[in-house]
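Protein chains in written order, with the numbering used here: chain A, 165 to 490; chain B, 23 to 186; chain C, 5 to 106.
Written out below as structure tokens is the structure these notes cover.
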Amino acid sequence: MGWMWDVLRAVAGTIIIFSAVAFIGVMFGVLLERKISAWMQSRLGPKHVGPQGLLQTLADTIKLMQKENIVPRRADPLIFASAVIVVPLAALLDYVVIPFGATRWGPLIFRDLNIGVLYFAATSSLVVVGILMAGWGSNNKYALLGGMRSAAQMVTYEIPIGLALVTVALMAGSLSTVTIVNGQARLWYMVTQPVAFLIFLVAATAEVNRIPFDLVEAESELVAGYHSEYTGFRFALFQMGEYAETFAMAAMAVTLFLGGWRGPVLPPVLWFVIKLYALIFVFMWVRWTYPRFRIDQMLNFSWKILIPVSVLNLVVTAFFVVVVRR
Amino acid sequence: MTGEAIVFYVLAAVTLGSALVVVTSGNIVHSAAALVPAFLGVTGLYILLNAEFVAGIQVLIYAGAITVLILFAIMLTEGGTGLGGRQRNEQALVGAAVAAAMAALLVVVATRTGWTAGGGALPPYTPGAIGQSFLGQNILVFEGTSIVLLVSLMGAILIARRED
Amino acid sequence: MPGLTHYLVVSALLFALGLFAVVTRRNTVAILMGVELMLNAANINLVAFNKYVAPGAMQGQIFALIVITLAACEAAVGLALVLAAYRTLETVYVDEINVMKW
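If you want it as structure tokens, here you go:
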């Protein structure tokens with residue numbers, strides 16, 4: 165039964181370490197977002213707190229912690245409060261199977277599950293439940309609409325993500341993330357599976373509710389969507405969950421398509437971080453470049469374009485793996 | 023008590039406690055939200071039983087998809103408005119008696135029967151082995167399931183579509 | 005060490021809870037939740053028997069996977085029916101859905 169304790173320890177360790185790491189990572193991510201958006205709009209961005217505005221998010225976090233926690237009068241207190249925990253927790257659980265690098269003793273990963281990719285899909289799908297609970301629990305029509313849109317959107321875009329994951333697993337012949345990275349020793353799957361890579365990137369953008377797929381919290385229509393009614397530290401927790409999920413999706417894309425920690429000269433962990441932030445930059449670039457979709461356009465895009473293309477890609481890949489490679 | 027036993031009792035308590043909330047809560051959204059810990063508890067039981075792949079699928083399909091579908095249906099029908107409706111019918115007492123009788127029967131059967139324990143070491147239930155079994159020995163069931171999936175997909179679309 | 009019987013008892017209790025929901029609930033969606041609980045109970049049985057009675061075979065886990073698939077089908081079709089009924093009859097309570105044709 166030793167493996168079971170390993171799993172429990174891995175999950176507990178992940179939650180403890182990543183609450184700390186994600187907190188710092190998220191703060192840096194928020195700052196990066198503001199700086200990049202400012203750069204793209206020929207502004208300077210935050211500049212006054214700390215050197216070049218480096219401590220701006222820290223100041224914002226301290227501010228948010230001091231704010232009052234308001235629960236709307238007709239809200240459902242239990243569901244309202246538990247939604248705050250579900251969203252960041254589900255996002256943090258994703259990190260158990262992501263290999264961050266390799267050391268002399270083996271890959272740097274919390275737990276190399278033999279169902280790694282499936283585990284990732286499963287935990288990231290749990291976020292929807294939290295968002296739906298937040299939307300309903302707030303007893304606010306904007307929050308409810310935001311939550312419902314989010315459920316429709318995330319359930320829809322989980323399918324192309326799943327199919328892209330299956331395609332890569334087919335190439336590597338395994339669901340374990342470490343085996344998938346090792347399978348890219350010669351050639352990245354981005355080169356051999358460009359279609360799956362694109363599908364994964366687009367669907368991941370939609371899955372973490374970023375522009376151009378941010379209908380869940382479209383400010384001009386829905387105030388702030390499902391977290392309209394959340395204040396203070398609860399709002400900060402939602403933000404943290406959102407950024408943690410974005411980083412997890414980018415890290416998974418690095419693992420699946422960009423060769424994970426592999427790279428010449430530099431140490432593996434550094435390679436991983438470089439690739440991760442390159443992808444994060446792409447996410448932010450897209451966010452500040454494109455306008456928002458309409459809800460029907462977005463659902464049609466997934467059902468009528470992404471899903472058929474990814475099924476076709478899967479069939480072609482299966483053909484090549486079974487017939488050509490043999 | 024060994025560690026495994028403690029984990030088992032905790033998981034069983036989580037599963038049955040949440041299931042109790044699911045069936046007794048007067049608020050249907052609370053019922054649906056309580057489904058999540060119930061399904062996750064069952065997932066934990068699968069992990070205890072070495073069925074990691076089934077556990078992953080359980081989280082993906084039950085906790086991630088079916089619960090969301092149920093919450094979605096609640097909100098499309100009456101979640102936004104009438105939660106005041108009576109949730110239970112007049113058969114509560116009879117139903118409780120029937121359910122209790124059923125539970126008693128099943129528990130007696132489970133504890134009285136001398137199950138023949140299978141010998142031999144546990145093989146690793148890897149995804150690869152399950153796939154081999156699916157596409158080898160159980161190919162007919164697999165194909166049958168895929169047809170059922172297709173039919174239910176079409177049926178759901180046909181039923182839910184507005185006729186105008 | 006929890007053995008086969010422990011899992012069977014948990015499964016029996018879960019099944020009874022699901023049955024209670026199916027028999028007593030008025031809301032169609034709540035009845036569906038009860039059915040899901042019963043299917044879960046059956047799955048625990050299948051996987052437990054797989055481990056303790058026939059560890060070499062994988063039939064139990066295969067069947068659990070198939071049951072999960074069919075549960076997803078059942079939820080999709082069932083909820084589509086609920087939505088259709090709500091649209092025409094404006095109710096989701098089974099005792100008020102009492103016409104065969106509208």
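We treat Cβ as the ideally placed atom computed from N, Cα and C, and that holds for glycine.
Here the structure is a predicted model, which means the values were calculated and not measured.
- The shortest CA-to-CA distance from glycine 311(A) to any of Ala368(A), Ala247(A), Leu362(A) is the one to Ala247(A).
- Annotation note: the segment 262 to 305 of chain A contains the following uninterrupted alpha helix (DSSP H) runs of length 4 or greater, listed N- to C-terminal: 280 to 289, 291 to 301.
- By the 16-neighbour rule on beta-carbons within 10 angstroms, glycine 136(B) is exposed.
- Histidine 391(A) counts as buried, since no fewer than 16 other beta carbons sit within 10 angstroms of its beta carbon.
- Taking CB atoms only, threonine 37(B) has no neighbour in chain A less than 8 Å away.
- The count of Cβ pairs closer than 8 Å, one atom from the segment 232 to 247 of chain A and one from the segment 35 to 48 of chain B, stays below three, leaving the stretches out of contact.
- DSSP places asparagine 31(C) in the strand class (E or B) of the three-state scheme.
- At a cut-off of 8 Å, the C-beta of methionine 62(C) has a neighbouring C-beta in chain B.
- Proximity of the segment 13 to 24 of chain C to the segment 126 to 136 of chain B meets the contact definition, three or more beta-carbon pairs being nearer than 8 Å.
- Note: arginine 110(B) is bridge-paired with Arg29(C) in the DSSP secondary-structure output.
- The beta-carbon distance between phenylalanine 436(A) and glycine 294(A), rounded to whole angstroms, is 28 Å. This is too long to meet the 8 Å contact definition.
- Interface annotation, leucine 85(C): in contact with chain B, CB-CB separation under 8 Å.
- Under the 8 Å Cβ criterion, the segment 109 to 124 of chain B does not count as touching the segment 316 to 332 of chain A, having fewer than three qualifying pairs.
- Neighbours of threonine 99(B) across chain C, judged by C-beta separation under 8 Å: Val33, Val86, Leu87, Tyr90, Val96.
- Counting only residues of its own chain and dropping the five nearest sequence neighbours on each side, valine 342(A) has a CB closer than 7 Å to the CB of Pro263, Pro271, Ile273, Asp276.
- Annotated as distal: glutamate 371(A) and proline 236(A), with beta-carbon spacing of 8 Å or more.
- In the DSSP assignment, tyrosine 97(C) is bridged to Asn31(C).
- Look at the segment 81 to 99 of chain B: the residues with a C-beta under 7 Å from a C-beta of chain A are Val81, Leu82, Ala85, Gly86, Ala87, Thr89, Val90, Leu93, Phe94, Met97.
- For methionine 335(A), the closest Cβ of chain B is not nearer than 8 Å.
- Beyond the five residues adjoining it in sequence on each side, leucine 62(B) comes within less than 8 Å, by CB distance, of Val36, Val81, Ala85 in the same chain, given in chain order.
- Given a length threshold of 3 residues, the segment 412 to 470 of chain A has no whole run of the beta strand (DSSP E) inside it.
- In chain order, Phe164 place their CB closer than 8 Å to the CB of leucine 157(B), counting only its own chain and leaving out the 5 sequence neighbours on each side.
- Judged by DSSP in its simplified three-state form, alanine 85(B) adopts helix.
- C-alpha of asparagine 111(B) to C-alpha of phenylalanine 67(C): approximately 34 Å in a straight line.
- For methionine 104(C), the three-state secondary structure derived from DSSP is coil.
- Across the structure, alanine 55(B) and valine 103(C) are spaced so that their CA atoms are roughly 31 Å apart.
- Residues of chain C with a Cβ closer than 7 Å to the Cβ of valine 32(B) do not exist; the shortest Cβ-Cβ separation is about 11 Å.
- Contact residues of the segment 152 to 166 of chain B toward chain A are absent (C-beta to C-beta distance below 7 Å).
- Annotation: the continuous alpha helix (DSSP H) that includes lysine 227(A) extends over 220 to 230.
- Taking CB atoms only, methionine 297(A) has a neighbour in chain B less than 8 Å away.
- Less than 8 Å divides the Cβ of threonine 287(A) from the Cβ of leucine 257(A).
- Excluding five sequence positions before and after lysine 231(A), the CB atoms of its chain that fall closer than 7 Å to its own CB belong to Thr395, Gly396, given in chain order.
- Interface annotation, alanine 143(B): not in contact with chain A, CB-CB separation never under 8 Å.
- For tyrosine 56(C), the CB contacts under 6 Å within the same chain, skipping 5 residues up- and downstream, are Leu8 in chain order.
- Between leucine 70(B) and proline 59(C), the beta carbon gap of about 14 Å keeps them out of contact (Cβ cut-off 8 Å).
- Residues of the segment 234 to 255 of chain A whose Cβ lies closer than 7 Å to any Cβ of chain B, in chain order: Ile243.
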